[in-house]
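To keep things clear, I will list the structure first and then write my remarks on it.
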Amino acid sequence: MLNNYESFDNSETSSRKSALIQERVGLVSTHMYKQFLDYQHATINTNEIFAQMIDNINEVIDILKESFSSRGLTTQNIYVDTDAQKSVIMMNILWHKISFTTRCNFYPQVLYRENLNHMFSTRIMAIRGNYNELMTGTNDHNEEMARLLEEEVASLFVPPETTHSAILKIRYLGGRELLLNQTDAPREFVLKVIESVCGGGFYHEEGKRKSFNI
């Protein structure tokens, strides 16, 4: 009889433990599912912005060609390339190379906020240089991000809600943030980056000095 009571007690304890595990794992799965949905929606918004950026960049390239051609300069070094997946844009403007990419969204992430109300978002990065050349020899996402961050000019952080503003962070301004509605973000991001890169220049090689901005 004692063994039967012990068996009953063990069964009841086991049942309580199982219910506790289910409850806590359920909270984790709910949280992760919400992150997945936010990631999915932000990715859709990012892809839409990126597609519009391609159109804006092609317009910029045409205007630059016309402007330099009217001044008697060759325009063969002014062009734009995109990859087949439409996740990388590479611009060449005379001696400047600029790339934009969405290949930095490997998993759900948030943008740090000092008030701890962190903003969930995906990201479009603008970098100095040709993306394909910079990524040569990389073996994993950590190496890719290290090279992207080293050459970062600015990043556009895109939230999952289309009515919420995207946040543009410009590196040479100390990470200063600009709020952009998602309708204007494709144009403004492209123009800010081109102004930052092409409005500056290069130092003669002396130690770590590489470039400057206006």
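Letter by letter, the sequence shown follows residues 0 to 213 in numbering that gives the first Met the number 0. Here a beta-carbon is modelled for each residue, glycine too, at the ideal position from N, C-alpha and C. As the structure is a prediction and not an experimental result, all values here were calculated from the model.
Pair within 9 Å by beta-carbon distance, residue i and residue j
i    : j    : result
P185 : I48  : yes
F99  : I77  : no
L148 : I166 : no
I169 : V152 : yes
C103 : M134 : no
N138 : V87  : no
G198 : S210 : no
Selection from the options that minimises the alpha carbon distance to residue i
i    : options          : result
T216 : S120, F201, E151 : In the structure as shown, the chain starts at 0 and stops at 213, and residue 216 therefore has no counterpart that could be examined.
H163 : E150, Q39, L179  : L179
DSSP state of residue i mapped onto helix, strand, coil
i    : result
L1   : In this prediction, L1 has a pLDDT of 49, which is less than 50 and means its spatial position is unreliable; nothing more can be read from the coordinates.
R175 : strand
I193 : helix
G25  : helix
F105 : coil
Between the CA atoms of residue j and residue i - distance to the nearest angstrom
i    : j   : result
T101 : S28 : 27 Å
L72  : L63 : 11 Å
Y32  : V24 : 12 Å
D54  : D37 : 26 Å
S17  : S10 : 10 Å
Contact the region 75 to 89 vs the region 59 to 67: 3+ CB pairs below 8 Å: In short, these stretches touch, since the Cβ pair count reaches three.
At least three beta-carbon pairs within less than 8 Å, the region 84 to 97 to the region 105 to 118: Flag = no, the region 84 to 97 and the region 105 to 118 do not touch.
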